[in-house]
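J.:
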Amino acid sequence: MDINTNIPSLIAQQNLNANNSSLNTAITRLSSGKRINSAADDAAGLAVVTTMTTQENGLNQGIQNANNGVALVQTIASSLGSLTNSLQRIYQLANEALQGTLTPANQQALQQEVKEQTDEINRIASTTQYNGLNLLNGAAGILQVQVGANVGQTVSIDLTQGVSAASLGGGVVQSGVTLGTITDLNLNANGTEASGAGAITEIHVNSDGNGGFTFTDQNDVAISTTASSALFTVTTTNGISSLSLNSTGTDALLPTNDLASINAAITANAATASEGTVFGKISGIDLDASTGLDATAGASNVITSVTVESDGKGGVKYVDQNGTQLSSGATAGLFNTAAGGTISFTNTPTSTIGSTQAGVQPANSVLATINQLNAPTTVSQINISTSDGANNAINSVENALATIANMQASLGAVQNRFTGIAQTQQAQSTDLATAASGYMDADFAQETANLSKTQVLVQAAISVVAQANALPQQVLKLLQ
Numbered sequence: 008m009d010i011n012t013n014i015p016s017l018i019a020q021q022n023l024n025a026n027n028s029s030l031n032t033a034i035t036r037l038s039s040g041k042r043i044n045s046a047a048d049d050a051a052g053l054a055v056v057t058t059m060t061t062q063e064n065g066l067n068q069g070i071q072n073a074n075n076g077v078a079l080v081q082t083i084a085s086s087l088g089s090l091t092n093s094l095q096r097i098y099q100l101a102n103e104a105l106q107g108t109l110t111p112a113n114q115q116a117l118q119q120e121v122k123e124q125t126d127e128i129n130r131i132a133s134t135t136q137y138n139g140l141n142l143l144n145g146a147a148g149i150l151q152v153q154v155g156a157n158v159g160q161t162v163s164i165d166l167t168q169g170v171s172a173a174s175l176g177g178g179v180v181q182s183g184v185t186l187g188t189i190t191d192l193n194l195n196a197n198g199t200e201a202s203g204a205g206a207i208t209e210i211h212v213n214s215d216g217n218g219g220f221t222f223t224d225q226n227d228v229a230i231s232t233t234a235s236s237a238l239f240t241v242t243t244t245n246g247i248s249s250l251s252l253n254s255t256g257t258d259a260l261l262p263t264n265d266l267a268s269i270n271a272a273i274t275a276n277a278a279t280a281s282e283g284t285v286f287g288k289i290s291g292i293d294l295d296a297s298t299g300l301d302a303t304a305g306a307s308n309v310i311t312s313v314t315v316e317s318d319g320k321g322g323v324k325y326v327d328q329n330g331t332q333l334s335s336g337a338t339a340g341l342f343n344t345a346a347g348g349t350i351s352f353t354n355t356p357t358s359t360i361g362s363t364q365a366g367v368q369p370a371n372s373v374l375a376t377i378n379q380l381n382a383p384t385t386v387s388q389i390n391i392s393t394s395d396g397a398n399n400a401i402n403s404v405e406n407a408l409a410t411i412a413n414m415q416a417s418l419g420a421v422q423n424r425f426t427g428i429a430q431t432q433q434a435q436s437t438d439l440a441t442a443a444s445g446y447m448d449a450d451f452a453q454e455t456a457n458l459s460k461t462q463v464l465v466q467a468a469i470s471v472v473a474q475a476n477a478l479p480q481q482v483l484k485l486l487q
């Protein structure tokens with residue numbers, strides 16, 4: 008027995024400290040309701056929960072943003088409803104003005120009410136706001152509403168369409184819609200020459216092993232000795248296209264004494280222009296264009312055969328099908344001129360509406376002209392004091408109502424989308440919260456049991472420590 012080191016007391020103290028730590032953990036979890044109160048409790052679990060919580064918070068804010076979007080759309084829809092009522096009243100007044108039994112004074116009275124309704128349309132368009140943001144004057148532009156938890160998860164609300172009386176009812180130009188374009192109709196054909204690429208600059212004569220010879224060019228590509236002598240002709244009948252002509256025959260060499268006779272050319276011949284090619288339509292106006300150009304390219308002096316003969320000096324000479332000696336020193340540039348190649352027509356027109364013009368000249372174009380355009384007046388220009396004005400008013404109001412109806416349809420679709428997003432993300436947020444709860448929330452049944460157990464263990468450890476500390480006193484009996 009020794010008294011310098013009380014081993015039982017040390018063991019009891021160690022267990023007491025461990026039980027105290029467990030007791031503190033149980034009390035902390037029960038008092039906070041969380042299983043993870045610090046990274047020491049569950050480092051990996053805390054990282055997972057942090058990510059889930061971030062996503063959940065983003066979804067919840069997206070739900071709020073979507074609900075705000077619904078409120079904004081409903082504000083616009085309410086104003087559009089008021090605009091529709093004013094337009095319907097103007098429509099009714101225009102029809103009333105056409106009954107044929109009204110005096111000029113009566114028609115002026117109706118026109119005065121039209122003016123009041125027009126002023127109301129302008130007032131609604133300029134004063135409809137949401138949180139200080141003007142919604143119906145076109146100044147808001149395209150709104151991007153963040154509805155998701157991540158970057159780019161947005162819904163667009165297009166508010167670029169203004170609905171003032173001056174912008175409604177015209178019916179000719181609709182902002183943001185491209186009806187069509189016609190570009191690149193410059194027809195260049197001066198009938199002078201056709202230049203080409205891919206010329207043969209060298210000819211190699213090789214024995215074929217059967218007493219004959221084979222011919223290859225500078226790229227070791229075989230040369231046919233039966234090149235076609237047919238002229239290459241390409242005809243375009245509409246003149247509004249991009250076309251290329253590539254020669255398929257191959258001239259080996261040109262006669263040395265006939266270089267001046269090279270006459271490969273493109274000729275453009277005027278022909279009767281044909282009407283009726285429809286390129287597009289704008290509000291019932293046919294867009295027609297036509298051309299009367301026939302372009303042909305020809306080449307003469309085609310070599311159809313090459314004969315290799317001895318020159319009597321240990322070498323060879325080349326003659327064509329007519330017995331004319333061919334020069335082996337013909338330049339690539341001269342050969343290129345006769346070989347032909349690619350003919351390109353680049354077309355850059357203006358659009359043609361109502362008339363056509365097509366001449367045979369470089370950089371020819373088709374001129375666009377508008378003979379007459381009758382557009383309905385806008386709502387701000389409505390005047391029903393005359394029969395013609397009342398008829399125009401009916402057309403204008405119908406166009407304006409169609410514009411409003413399109414806006415209402417688009418906004419209704421956006422509102423439904425916002426509602427659907429809110430519902431979907433609410434379910435996603437609930438699922439994330441459930442998953443995070445499994446990591447984070449304390450199990451009260453388990454923690455209560457742990458609390459009871461550790462309380463007993465702490466009390467027992469305290470008692471044991473007291474008894475262990477009393478053991479060295481037994482040594483005093485040995486000294487008596």
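Just so we're aligned, residue 8 is where the sequence shown starts under our numbering, counting upward by one. Glycine is no exception: its CB is placed at the ideal position from the N, C-alpha and C atoms. Fair warning: this is a prediction, and the values are worked out from it, not measured in the lab.
Quick one: residues in its chain with C-beta nearer than 7 Å to the C-beta of Gly176, no 5 flanking neighbours on either side, listed in chain order?
T.: Locating residue 176 in the sequence shown gives position 169, where the first residue counts as 1. Here the set comprises Pro383, Thr384, Thr385, Val386, Ser403, Val404, Asn406, Ala407.
J.: Could you give the C-beta distance for Thr167 and Gly145, rounded to a whole number, given that I count them as a contact under 8 Å?
T.: Locating residue 167 in the sequence shown gives position 160, counting from the first residue. Locating residue 145 in the sequence shown gives position 138, counting from the first residue. Thr167 to Gly145, Cβ: 6 Å. Contact.
J.: Report the three-state DSSP secondary structure of Thr135 (helix, strand or coil).
T.: Looking up residue 135 in the sequence shown gives position 128. Thr135 falls in the coil class under three-state DSSP.
J.: So what does DSSP say about Asn157, is it helix, strand or coil?
T.: On the sequence shown, position 150 is the one that residue 157 refers to. It is coil, neither helix nor strand.
J.: How many whole angstroms separate the CB atoms of Gln151 and Thr135, which I take to be in contact at a CB cut-off of 8 Å?
T.: On the sequence shown, residue 151 is found 144 positions in, with the first residue counted as 1. On the sequence shown, residue 135 is found 128 positions in, with the first residue counted as 1. Their Cβ separation, rounded to whole angstroms, is 20 Å, which puts Gln151 and Thr135 out of contact at 8 Å.
J.: Return yes when the Cβ of Asn457 is within less than 7 Å of the Cβ of Ala156, no when it is not.
T.: In the sequence shown, the residue the question calls residue 156 occupies position 149. In the sequence shown, the residue the question calls residue 457 occupies position 450. For Ala156 and Asn457, no; Cβs fall outside 7 Å.
J.: For Leu486, does the count of other Cβ atoms within 10 angstroms reach 16, so buried, or fall short, so exposed?
T.: Along the sequence shown, read from residue 1 onward, the residue named residue 486 stands at position 479. Leu486 should be labelled exposed.
J.: Where do the N-terminal and C-terminal ends of the alpha helix (DSSP H) with Val465 fall, by residue?
T.: Translated into positions along the sequence shown, residue 465 becomes position 458. That run of the alpha helix (DSSP H) goes 451-477.
J.: Within 10 Å of its beta-carbon, does Asp327 have 16 or more other beta-carbons around it, so buried, or fewer, so exposed?
T.: Mapped onto the sequence shown, residue 327 falls at position 320. With 16 or more other Cβ atoms within 10 Å, it is buried.
J.: Please check the pair Gln433 and Ile70, which I expect to be a contact at CB under 8 Å, by giving their CB distance rounded to whole angstroms.
T.: Residue numbering aside, residue 433 sits at position 426 when the sequence shown is read from its first letter. Residue numbering aside, residue 70 sits at position 63 when the sequence shown is read from its first letter. With a Cβ gap of about 6 Å, Gln433 and Ile70 count as contacting.
J.: Assuming Leu100 contacts Val121 (C-beta within less than 8 Å), just tell me the rounded distance between them.
T.: Counting from 1 along the sequence shown, the entry for residue 100 is found at position 93. Counting from 1 along the sequence shown, the entry for residue 121 is found at position 114. With a Cβ gap of about 6 Å, Leu100 and Val121 count as contacting.
J.: Please look up how many angstroms separate the CB atoms of Ser436 and Gln118, rounded, as I've assumed it's under 8 Å.
T.: Against the sequence shown, residue 436 aligns to sequence position 429. Against the sequence shown, residue 118 aligns to sequence position 111. The Cβ separation is near 57 Å, so there is no contact.
J.: Can you tell me the Cβ-Cβ gap for Ser171 and Ala132, rounded? I've got them flagged as a contact below 8 Å.
T.: The residue you call residue 171 lines up with position 164 of the sequence shown. The residue you call residue 132 lines up with position 125 of the sequence shown. Sure, about 5 Å apart at Cβ, within 8 Å.
J.: Out of Arg424, Arg36, Gln481, which one is the CA nearest neighbour of Phe451?
T.: Taking the sequence shown and counting its residues from 1, the one referred to as residue 451 is at position 444. Per the Cα distances, Arg36.
J.: Give me the Cα-Cα distance between Ser202 and Thr331, rounded to the nearest whole angstrom.
T.: Residue 202 sits at position 195 when you count from the first residue of the sequence shown. Residue 331 sits at position 324 when you count from the first residue of the sequence shown. Residue confidence is low: Ser202 scores 43 on pLDDT, short of 50, so the model does not pin down where it sits. No coordinate-derived value is stated.
J.: Nearest to Ala397 by alpha carbon, out of Leu109, Leu30, Gln474, Phe425?
T.: Locating residue 397 in the sequence shown gives position 390, where the first residue counts as 1. The shortest C-alpha separation from Ala397 is found at Leu109.
J.: Is the number of C-beta pairs between the segment 469-479 and the segment 15-31 that are closer than 8 Å three or more?
T.: Judged by Cβ distances under 8 Å, the segment 469-479 makes contact with the segment 15-31, as three or more pairs qualify.
J.: Under a three-way DSSP split, which group does Asn141 fall into?
T.: For the purposes of this step, residue 141 is taken as the residue at position 134 of the sequence shown. Three-state DSSP puts Asn141 in a strand.
J.: What's the call for Ser174, buried or exposed, on a 16-neighbour Cβ count within 10 Å?
T.: For the purposes of this step, residue 174 is identified with residue 167 of the sequence shown, where counting begins at 1. By the 10 Å Cβ count, Ser174 comes out buried.
J.: Output the distance between the C-alpha atoms of Gln62 and Leu439, rounded to the nearest integer angstrom.
T.: Here residue 62 is taken as the residue at index 55 of the sequence shown, counted from 1. Here residue 439 is taken as the residue at index 432 of the sequence shown, counted from 1. Each residue's Cα considered, the two are about 8 Å apart.
J.: Considering only their Cβ atoms, is the gap separating Val154 from Ala73 smaller than 7 Å?
T.: Within the sequence shown, numbered from 1, the residue matching residue 73 stands at position 66. Within the sequence shown, numbered from 1, the residue matching residue 154 stands at position 147. Yes, the pair counts as a contact, with Cβ atoms nearer than the cut-off.
J.: Roughly how many angstroms lie between the CA atoms of Ser163 and Ala147, to the nearest whole one?
T.: On the sequence shown, position 156 is the one that residue 163 refers to. On the sequence shown, position 140 is the one that residue 147 refers to. Distance between the alpha carbons of Ser163 and Ala147 is about 12 Å.
J.: I'd like to check one pair, Val465 with Leu30: are the Cβ atoms closer than 7 Å?
T.: Against the sequence shown, residue 30 aligns to sequence position 23. Against the sequence shown, residue 465 aligns to sequence position 458. Going by C-beta atoms, Leu30 is nearer than 7 Å to Val465.
J.: For Glu454, count the other beta carbons within 10 Å of its own beta carbon; 16 or more makes it buried, fewer makes it exposed. Which is it?
T.: The count along the sequence shown starts at 1 and reaches residue 454 at position 447. So Glu454 ends up on the buried side.
J.: Mapping DSSP to helix, strand and coil, what is Asn152?
T.: Here the question's residue 152 lines up with position 145 in the sequence shown. For clarity, residue 152 is Val in the given sequence; the question names Asn instead. Three-state DSSP puts Val152 in a strand.
J.: Return the chain-ordered list of same chain residues with a C-beta closer than 7 Å to the C-beta of Ser394, the five sequence neighbours on each side being excluded.
T.: Counting from 1 along the sequence shown, the entry for residue 394 is found at position 387. Within the same chain, Ser394 has close Cβ partners Leu105.
J.: Classify Phe239 as helix, strand or coil using the three-state DSSP reduction.
T.: Locating residue 239 in the sequence shown gives position 232, where the first residue counts as 1. Note that Phe239 scores a pLDDT of 36, beneath 50, so its modelled location is shaky; the value from the coordinates is reported in the next line. Phe239: coil per DSSP, three-state reduction.
J.: Thinking C-beta only, is Ala449 closer than 7 Å to Gly40?
T.: Here residue 40 corresponds to residue number 33 of the sequence shown, with the count starting at 1. Here residue 449 corresponds to residue number 442 of the sequence shown, with the count starting at 1. Contact: yes.
J.: Would DSSP call Leu166 helix, strand or coil?
T.: In the sequence shown, residue 166 corresponds to position 159, counting from 1. Here Leu166 sits in strand by DSSP.
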